[in-house]
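J.: Have a look at this one.
Residue numbers (the numbering used here), protein chains in the order written: chain A, 92 to 335; chain B, 470 to 855; chain C, -9 to 376.
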């Protein structure tokens, strides 16, 4: 890990974040520093409430840290207003959710085009981009299908195509396989892996699934708000042990 | 009744929605109750006028025809007539008013005996009788115009080519449904002024208002009046006060019909609104309803719960809207802005009918959603997430 | 911007809820248009009666022709004043006219009304633009014949061609129908002035003088000159003024329309807000996703306001269509001085536009609070919603 955050696509500098619950502040992240270099594929694991989702939200600028700085792609997110953050997100990020979060009333193609509405691209260009994205996830033939006509795995692939549509520098995935059967999960992970390897997209993936975590280049383990460097093999055995 | 807490909990769980649906019903019901009060008070006043056994005699040509003033005395002498007075619409304009109010030239000696539901203090009546240019005004009219005893009231003649200036000698009172926006003056004051300028319209009593000794003799009395003047230059037609007021309403055209059409549209719109609310509640709670059924609640209970909720919301809106209208009319005097509306109020019967209507709207709007709720499939309902 | 098809399809996805709301707002718009159309029709009738250069001369103090009188001598003198227009044949565009009221029964049996019977001279026709006989013949001078508008003949007994009606004991025969572009003349019966004066015993004076000035300046000069002459005690008003005063006397109808529209719009706003709250609550996760994708707060606000607007505008279209489906509704009311004015509901573009405007208000105000809630949702929480 490099200390020079200029090379990092994501840098968390002394970040703390807590939530107010019944007038008590519950710390989620405490004084955390983290650098993720360009081209990395990081899996973030940890028990519920360890701060995984908070980490993703901070990286996306959906949430602001109590103290510390979040710098993504050279931009200090704390310096941006709400409105500028929205625009910044549309230009730099791709999102993948556990529940896919496709708009049920839009077709696959239209869902993928959605983030492109925020760009000055013409209608035809948007179409081309969306088609290209769908081709990458292998769903060109499903462009006109609506989410309810797709399987869970297909829905998630459309969601990935949507996340790719605006050529993001960073892909944030929140439990992307959490709702999928084993085969579909495989397909989605294959896809993420190839995106990372072939297109050099940086990916941060929060997951509970050790199988998914193994596909990442690197594993971060969150425990009570701090990172623990972890070895996947060891983790896996320990998890198995717990399971038994 | 043991389900009452649950029903109330359901009504209040999505507060905004219940409040908005209730408000929508309340505001619309307010309007309907207001419009219907207009109709029902009119009817009630017409009915009430029956007890006074009053008869109106007017020219067969209608209000614009002549009734010679001598007819008043002739009618007074007919057997069965208690009192008879001229009642001539002057229709003058006060200051810059665009709209006139009721001004009637009549007979101070008998008018309070004919319009016996109105109260005028004896000393004021005496003061009026003593002053040829004196007049008596209704309490609401006096309040709206700011008139006190002794004030001068100059009116510009519109129908008649003479201007009259009156002095307020009395202020009459009456119950809430009576017309307290009239001005009564001596017929002779108007008539003498007309004679002075040799106007051809002098000597016209307008109409003759009389009361009969009993209700039984009224039909015969009216026939007798008709036949007395049948072959004269100015034949008259006698009718009950109720018929007379109706003929006035008839000239207004189909206002009553339009009020009814509008009200029907409002009710249909409210049915849609309320049904939509219940449909939303159903969609939100499908899972929960499935759970209720899984536990073993029978369909009928679920149906009942849903219907009760719809009824409760309708009732809520009805109570606020209908009773709100009632309260508003008790407190605020609308005749200030709408001259001639001083008699309007919301009767209890109309207000309660409004509440009942709102409740019915709730019930009807709940039927389909409740039926759907009762038929939610347990298996699918429990699986459903959104 | 969020593509509008997202909102449109979301509306389609909630078919029943959307339809209910559209139908509800549609009924409200319909009822409002109905109420506006009533007064609009009356106003239009008065307005189309107006020729900008026409002047009406009445007795001083009188606000309507019914109660006015202008002596023959005065009328003759006025007609020699300079500034009065003439037509190609050199006819002076001025005519004294006599108005007598006849009390006639309605065809549907719903009572009687005062009908204006106008005694005219040949020149009177020239003063009504668009006057023409559309069926039968014109009346012959010197005999008791009359012409009426078709609208009036359909509404009152004895006014169809070949039928007879009574003025002051004497029968008049209807021989033709005329049109005059929809103005108040179409609420009148026209007959020969001399015949009418004899029958009504009104020789020596007419009710009014109508004339057309050559220009606006001449019009003002004529008015000033007539008003200044205290000897004849006449007043001259532009026709525009005369009819706008008449319209004002029907302000009650106008006010009822506005009250109905106000309350219904308010009620509908709550209903629209409800629907939109429901829509937004059930789509919280979608909204969160849109925000996460980078759509700003303004986009979200605009999208949901638009959605609410679409609902209401569809409702407005439904309401307008409903109003147009009613076709032409003819009705009548007492239009000043107790005489009947026959008119059609005005469902013209201006009235429909007013109704549609109400829908826009409903959509924007009713949709605003819910849209604001969508905007203020915390993205992080919204994404977690089930």
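A virtual CB, placed ideally from N, CA and C, is assigned to each residue, including glycine.
Note down, in chain order, every chain F residue with its Cβ under 7 Å from the Cβ of residue 6 of chain C.
T.: Chain labels in this structure do not include chain F; the protein chains are A, B and C.
J.: Helix, strand or coil, according to DSSP, for residue 806 of chain B in the structure here?
T.: The residue you call residue 806 of chain B lines up with position 337 of the second chain. Coil at residue 806 of chain B, not helix or strand.
J.: Taking residue 656 of chain B as the reference, which of B:559, B:540, B:616 and B:543 has the closest Cα?
T.: Taking the second chain and counting its residues from 1, one reaches residue 656 of chain B at position 187. Among B:559, B:540, B:616 and B:543, the Cα nearest to that of residue 656 of chain B is on B:559.
J.: Which residues of chain C have a Cβ atom closer than 8 Å to the Cβ of residue 795 of chain B, listed in chain order?
T.: The count along the second chain starts at 1 and reaches residue 795 of chain B at position 326. Within chain C, no residue comes near residue 795 of chain B; the closest Cβ sits about 16 Å away, beyond 8 Å.
J.: Tell me the start and end of each unbroken alpha helix (DSSP H) in the stretch 72 to 126 of chain C that is at least 4 residues and wholly inside, in chain order.
T.: 112 to 117
J.: Taking only beta-carbon positions, decide if residue 557 of chain B is within less than 8 Å of chain C.
T.: Your numbering for residue 557 of chain B matches position 88 in the second chain. Judged by the 8 Å Cβ criterion, residue 557 of chain B is not in contact with chain C.
J.: Who are the Cβ neighbours of residue 257 of chain C in its own chain at under 8 Å, not counting the five residues just before and after it?
T.: As a position in the third chain, residue 257 of chain C is number 267, starting the count at 1. Contacts found: 18.
J.: Does the structure place the stretch 95 to 112 of chain A close enough to the stretch 125 to 142 of chain A that three or more beta carbon pairs sit under 8 Å?
T.: yes
J.: Report the three-state DSSP secondary structure of residue 528 of chain B (helix, strand or coil).
T.: In the second chain, the residue the question calls residue 528 of chain B occupies position 59. Note: residue 528 of chain B maps to strand in three-state DSSP.
J.: With a threshold of 16 other CB atoms inside 10 Å of the CB of residue 333 of chain A, please say whether the residue is buried or exposed.
T.: As a first step, residue 333 of chain A is located in the first chain; it is residue number 242 there, counting from the start. Any reading at residue 333 of chain A must be qualified, since the residue scores a pLDDT of 47, below 50, and its modelled position is unreliable; the value itself is stated next. Residue 333 of chain A is exposed by the Cβ-count criterion.
J.: Taking the DSSP output, what are the residues bridged to residue 127 of chain A?
T.: Numbered from its first residue, the first chain carries residue 127 of chain A at position 36. In DSSP, residue 127 of chain A forms a bridge with A:101.
J.: Let me confirm a value: residue 846 of chain B is counted as buried when at least 16 other C-beta atoms fall within 10 Å, else exposed. Which label applies?
T.: Position 377 of the second chain, counting from 1, holds the residue named residue 846 of chain B. With fewer than 16 other Cβ atoms within 10 Å, it is exposed.
J.: Any chance the stretch 706 to 719 of chain B sits against the stretch 797 to 806 of chain B, with 3 or more Cβ pairs inside 8 Å?
T.: no
J.: In whole angstroms, what is the alpha-carbon distance linking residue 366 of chain C and residue -2 of chain C?
T.: As a first step, residue 366 of chain C must be located in the third chain, where it is residue number 376. As a first step, residue -2 of chain C must be located in the third chain, where it is residue number 8. Their Cα atoms are separated by approximately 22 Å.
J.: Buried or exposed, going by whether 16 or more other CB atoms sit within 10 Å of the CB of residue 542 of chain B?
T.: Taking the second chain and counting its residues from 1, the one referred to as residue 542 of chain B is at position 73. Flag for residue 542 of chain B reads exposed.
J.: Are three or more beta carbon pairs between the stretch 163 to 180 of chain C and the stretch -4 to 14 of chain C nearer than 8 Å?
T.: no
J.: Return the chain-ordered list of same chain residues with a C-beta closer than 8 Å to the C-beta of residue 648 of chain B, the five sequence neighbours on each side being excluded.
T.: For the purposes of this step, residue 648 of chain B is taken as the residue at position 179 of the second chain. Once the five neighbours on either side are set aside, the close Cβ partners of residue 648 of chain B are 571, 607, 811 and 812.
J.: Below 8 Å, can you find three or more Cβ-Cβ pairs linking the stretch 329 to 345 of chain C to the stretch 103 to 123 of chain A?
T.: no
J.: Kindly provide the ranges of any beta strand (DSSP E) runs that are 3 or more residues long and lie completely inside the stretch 594 to 663 of chain B, ordered along the chain.
T.: As far as the stretch 594 to 663 of chain B is concerned, its whole beta strand (DSSP E) runs of at least 3 residues are 603 to 607, 621 to 625, 633 to 641 and 651 to 655.
J.: Does residue 288 of chain C pass the burial test, meaning 16 or more other C-beta atoms within 10 Å, or should it be called exposed?
T.: For the purposes of this step, residue 288 of chain C is identified with residue 298 of the third chain, where counting begins at 1. Per the 10 Å Cβ criterion, exposed.
J.: What are the start and end residues of the beta strand (DSSP E) that includes residue 568 of chain B?
T.: The residue you call residue 568 of chain B lines up with position 99 of the second chain. No beta strand (DSSP E) holds residue 568 of chain B; DSSP gives it neither H nor E.
J.: Quick one: is residue 170 of chain A near chain C, going by C-beta distance under 8 Å?
T.: Position 79 of the first chain, counted from the first residue, corresponds to residue 170 of chain A. So no, residue 170 of chain A is outside the interface.
J.: Does the beta carbon of residue 194 of chain A come closer than 8 Å to any beta carbon on chain C?
T.: Taking the first residue of the first chain as 1, we reach residue 194 of chain A at position 103. Residue 194 of chain A counts as touching chain C.
J.: Which of the three DSSP states is assigned to residue 93 of chain A in this structure?
T.: Position 2 of the first chain, counted from the first residue, corresponds to residue 93 of chain A. Because residue 93 of chain A carries a pLDDT of 42, less than 50, the predicted location of this residue cannot be relied on, and the following value inherits that uncertainty. If DSSP states are grouped into helix, strand and coil, residue 93 of chain A belongs with coil.
J.: Given this structure, state the Cα-to-Cα distance separating residue 285 of chain A from residue 293 of chain A, to the nearest angstrom.
T.: Stepping through the first chain from its first residue, residue 285 of chain A is reached at position 194. Stepping through the first chain from its first residue, residue 293 of chain A is reached at position 202. Computed Cα separation, rounded: 11 Å.
J.: Using a 10 Å radius around the Cβ and a threshold of 16 neighbouring Cβ atoms, would you call residue 201 of chain C buried or exposed?
T.: The residue you call residue 201 of chain C lines up with position 211 of the third chain. Residue 201 of chain C is buried by the Cβ-count criterion.
J.: Any Cβ of chain C within less than 8 Å of the Cβ of residue 141 of chain A?
T.: The residue given as residue 141 of chain A occupies position 50 in the first chain. It does not; no Cβ of chain C falls within 8 Å.
J.: Roughly how many whole angstroms lie between the Cα atoms of residue 208 of chain C and residue 529 of chain B?
T.: Indexing the third chain from 1 puts residue 208 of chain C at position 218. Indexing the second chain from 1 puts residue 529 of chain B at position 60. Roughly 44 Å between the two C-alpha positions.
J.: Given a limit of 8 Å on CB to CB distance, which residues of the stretch 293 to 316 of chain A reach chain C?
T.: none
J.: Assign residue 784 of chain B to one of two classes, buried (16 or more other C-beta atoms within 10 Å of its C-beta) or exposed (fewer than that).
T.: Within the second chain, numbered from 1, the residue matching residue 784 of chain B stands at position 315. So residue 784 of chain B counts as buried.
J.: What does the alpha-carbon distance come out to for the pair residue 114 of chain C and residue 83 of chain C?
T.: Position 124 of the third chain, counted from the start, is the residue given in the question as residue 114 of chain C. Position 93 of the third chain, counted from the start, is the residue given in the question as residue 83 of chain C. Those two C-alpha atoms are separated by around 8 Å.
J.: Count the CB pairs spanning the stretch 190 to 204 of chain C and the stretch 531 to 551 of chain B that are closer than 8 Å, and state whether there are at least three.
T.: The answer is no - the stretch 531 to 551 of chain B does not touch the stretch 190 to 204 of chain C, with fewer than three Cβ pairs under 8 Å.
J.: Quick one: Cα of residue 169 of chain A to Cα of residue 199 of chain A, how far?
T.: In the first chain, the residue the question calls residue 169 of chain A occupies position 78. In the first chain, the residue the question calls residue 199 of chain A occupies position 108. Residue 169 of chain A and residue 199 of chain A: Cα-Cα distance of roughly 34 Å.
J.: Which ranges would you report for the alpha helix (DSSP H) in the stretch 205 to 233 of chain A if only whole runs of at least 4 residues count?
T.: 214 to 227
J.: Shorter than 8 Å from the beta carbon of residue 261 of chain C to some beta carbon of chain B?
T.: Counting from 1 along the third chain, the entry for residue 261 of chain C is found at position 271. For residue 261 of chain C, the answer is yes, since a Cβ of chain B falls inside 8 Å of its Cβ.
J.: Closer than 6 Å by C-beta to residue 493 of chain B: which residues in its own chain qualify, once you throw out the five before and the five after it? Chain order, please.
T.: Taking the first residue of the second chain as position 1, residue 493 of chain B is located at position 24. Taken in chain order, the residues that qualify are 742.
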